[in-house]
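Q: Residue numbers in the sequence shown follow the numbering used here, run continuously in steps of one, and reach 460 at the last position.
Sharing a structure below in structure tokens format, with a few things to ask.
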Amino acid sequence: MIEKDKSADFESKSTDVSQVDKSSKVKKYSLSLTIKKDPSNFTDEILRKIKKKLSKDQKTVTFEEIDESIPSKMREEFTLGFLITVYNELKKSNISVIDSSIHHFYEEDEEEKDLEANEAFKDSGEYEEIFEDFGDVEVEMCDNISLQDPIKIYLKEISKSKLLTPSRERKLARKAQMGDKRAREELIKANLRLVISIAKRYVGHGLGFLDLIQEGNIGLMKAVAKFDWKKGYKFSTYSYWWIRQAITRAIADQGRTVRIPVHLVETINRMNRVINKYVQEHGEVPDLEELSVLMDKPVDKMKEVLISAKNIFSLNAPISNDVDAEGESEVLDFIDSDSPTPDEEGRKMIIRQKMEMIIDTLSPKEAMILKMRYGFIDGKQKTLEEVGEFFNVTRERIRQIESKSIRKLKHPARKKMIENIMQEY
Numbered sequence: 036m037i038e039k040d041k042s043a044d045f046e047s048k049s050t051d052v053s054q055v056d057k058s059s060k061v062k063k064y065s066l067s068l069t070i071k072k073d074p075s076n077f078t079d080e081i082l083r084k085i086k087k088k089l090s091k092d093q094k095t096v097t098f099e100e101i102d103e104s105i106p107s108k109m110r111e112e113f114t115l116g117f118l119i120t121v122y123n124e125l126k127k128s129n130i131s132v133i134d135s136s137i138h139h140f141y142e143e144d145e146e147e148k149d150l151e152a153n154e155a156f157k158d159s160g161e162y163e164e165i166f167e168d169f170g171d172v173e174v175e176m177c178d179n180i181s182l183q184d185p186i187k188i189y190l191k192e193i194s195k196s197k198l199l200t201p202s203r204e205r206k207l208a209r210k211a212q213m214g215d216k217r218a219r220e221e222l223i224k225a226n227l228r229l230v231i232s233i234a235k236r237y238v239g240h241g242l243g244f245l246d247l248i249q250e251g252n253i254g255l256m257k258a259v260a261k262f263d264w265k266k267g268y269k270f271s272t273y274s275y276w277w278i279r280q281a282i283t284r285a286i287a288d289q290g291r292t293v294r295i296p297v298h299l300v301e302t303i304n305r306m307n308r309v310i311n312k313y314v315q316e317h318g319e320v321p322d323l324e325e326l327s328v329l330m331d332k333p334v335d336k337m338k339e340v341l342i343s344a345k346n347i348f349s350l351n352a353p354i355s356n357d358v359d360a361e362g363e364s365e366v367l368d369f370i371d372s373d374s375p376t377p378d379e380e381g382r383k384m385i386i387r388q389k390m391e392m393i394i395d396t397l398s399p400k401e402a403m404i405l406k407m408r409y410g411f412i413d414g415k416q417k418t419l420e421e422v423g424e425f426f427n428v429t430r431e432r433i434r435q436i437e438s439k440s441i442r443k444l445k446h447p448a449r450k451k452m453i454e455n456i457m458q459e460y
């Protein structure tokens with residue numbers, strides 16, 4: 036169905052694939068086959084979407100923006116050749132691919148702007164130069180990462196694996212593709228230092244350094260399974276994408292105290308980039324209506340996104356990042372013990388609501404006077420004079436009505452209701 040209607044747009048092709056068969060295996064096979072047979076249409080559409088996101092003077096695009104331009108159904112099926120085609124076409128348009136953190140959009144150093152040059156995987160000499168520091172277990176990965184014992188042990192272990200020459204890499208990739216488990220294992224071990232190089236960039240986004248390394252290793256194994264050595268490209272260039280994707284997806288899925296869907300995380304990331312770009316151009320943060328227009332989403336939807344973007348901080352979060360620290364302090368230890376707890380605040384709120392329901396059984400005027408006198412309206416207790424001015428009567432008259440209303444609340448029926456509330460809460 037897809038091949039018969041090549042003039043249909045990208046979304047309609049994806050829809051057609053999903054209608055071929057309800058089986059997920061058939062869907063994936065059909066989509067993969069279509070990409071291999073006719074990748075140009077998919078590439079053109081993705082490039083069009085990427086360029087549409089860029090401003091007139093913008094000459095860089097982030098991995099996240101490329102991710103957003105690739106439909107979710109395609110992400111598991113793209114090939115190395117397809118990725119290289121996308122990068123080459125971007126390069127022809129003088130658009131560089133740069134990396135960004137999971138939450139903030141920022142410009143990287145000049146030597147890191149192009150994917151192929153990003154990790155300098157041109158030859159084994161350059162490869163070794165990039166990761167030579169990892170052979171020393173005492174080195175610090177970056178300023179805010181101290182090498183605790185588990186990381187030292189891990190670095191010492193992976194430093195035993197030698198870096199691969201291009202010919203050895205092709206040989207192992209060929210054997211791994213044929214099902215050789217030893218070749219697959221050697222190819223993975225030789226690239227573990229690459230995982231560390233990528234993982235260190237995402238420290239401080241909700242996952243520990245060891246967790247980031249673990250997720251990156253999963254992406255590396257996936258890259259080994261999908262790598263096609265016949266294309267002639269270096270494995271490190273191809274695996275970079277899978278490692279980075281595995282890490283960013285893990286942060287999106289596990290990095291928050293309360294998990295939110297991955298698609299919503301992508302929307303939040305896009306919103307952050309839009310806000311940062313707007314601030315750079317206008318010097319101020321866009322309001323809700325402007326943000327709604329920039330994101331092309333309804334105002335109500337943007338309110339939900341903004342609420343979801345607020346990160347919930349755990350009171351049990353450790354103050355130190357030392358994974359081996361015993362009896363370390365938590366945020367909760369620094370909170371004033373005399374301040375009301377969330378449980379107490381919740382209990383007071385429920386009692387307040389129940390009492391307000393009982394007060395509403397009085398006449399409207401009596402109920403309003405009691406609510407104003409005891410802070411049910413805005414949390415502030417009003418004086419007799421203030422209430423009198425509101426009703427245009429004397430303060431003495433307000434006092435009389437208040438006394439009469441309180442006597443009514445002492446009626447056996449209402450009194451029983453109040454006692455039940457106090458006993459329950």
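All residues carry an ideal CB built from backbone N, CA and C; glycine is no exception.
1. Excluding the five sequence neighbours on either side, which residues of its own chain have a C-beta within less than 7 Å of the C-beta of Val-230, listed in chain order?
2. Answer with buried or exposed for Lys-269, where buried requires no fewer than 16 other C-beta atoms within 10 angstroms of its C-beta.
3. Among residues of its own chain, excluding the 5 on either side of Ile-385, which ones have a beta-carbon nearer than 7 Å to its beta-carbon?
4. Scan the region 238 to 326 and note each continuous alpha helix (DSSP H) run of 4 residues or more that stays entirely inside, going in chain order.
5. In the DSSP assignment, the alpha helix (DSSP H) including Gly-423 goes from what residue to what residue?
6. State the DSSP-derived secondary structure class of Thr-120, mapped to helix, strand or coil.
7. Expressed to the nearest angstrom, what Euclidean distance is found between the alpha-carbon atoms of Trp-537 and Leu-367?
8. First and last residue of the alpha helix (DSSP H) that includes Ile-370?
9. Round the Cβ separation of Met-407 and Lys-417 to the nearest angstrom and send it over; I've been treating them as touching at under 8 Å.
10. Take every Cβ of the region 218 to 236, pair it with every Cβ of the region 188 to 198, and state whether three or more of those distances are shorter than 8 Å.
11. Is it true that the CB of Thr-283 sits closer than 9 Å to the CB of Tyr-313?
12. Would you call the region 291 to 311 in contact with the region 339 to 354, where contact means no fewer than 3 C-beta pairs closer than 8 Å?
13. Let me make sure I understand the geometry here. Which of Leu-350, Gly-381, Ile-186, His-317 has the alpha-carbon closest to that of Ile-370?
14. Can you check which of these residues, Lys-443, Ala-402, Gln-280, is closest to Phe-426 by C-alpha distance?
15. In whole angstroms, give me the CA-to-CA distance for Lys-383 and Thr-292.
16. In this structure, does DSSP put Ser-194 in helix, strand or coil?
17. Name the two residues that bound the continuous alpha helix (DSSP H) containing Met-213.
18. Considering only the beta carbon of each residue, do Lys-86 and Ser-131 sit closer than 9 Å?
19. If you follow the alpha helix (DSSP H) that Pro-377 is part of, which residue opens it and which one closes it?
20. Whose C-alpha, out of Ile-295, Val-309, Asp-373, is nearest the C-alpha of Leu-323?
21. If you follow the alpha helix (DSSP H) that Arg-236 is in, where does it begin and where does it stop?
22. Compute the beta-carbon to beta-carbon distance between Leu-190 and Glu-124, rounded to the nearest angstrom, for a pair I have assumed lies under 8 Å.
A: So, to answer that:
1. Ile-248, Gly-251, Asn-252, Leu-255, Ile-278
2. buried
3. Contacts found: Tyr-460.
4. 244 to 261, 270 to 289, 297 to 317
5. 419 to 426
6. helix
7. Past the boundaries of the shown model lies residue 537; the chain is included only from 36 to 460, so the question cannot be answered.
8. Segment: none, Ile-370 is in no alpha helix (DSSP H) and carries neither H nor E.
9. 4 Å
10. yes
11. no
12. yes
13. Leu-350
14. Ala-402
15. Looking at the two C-alpha atoms, the distance is approximately 26 Å.
16. coil
17. DSSP places Met-213 in no alpha helix (DSSP H); its state is neither H nor E.
18. Between Lys-86 and Ser-131, the C-beta gap is not smaller than 9 Å, which leaves the two residues out of contact.
19. 377 to 394
20. Checked all of Ile-295, Val-309, Asp-373; the closest Cα to Leu-323 is Val-309.
21. First-last for Arg-236: undefined, no H or E at that position.
22. The beta-carbon separation of Leu-190 and Glu-124, rounded to 38 Å, does not stay under the 8 Å limit for a contact.
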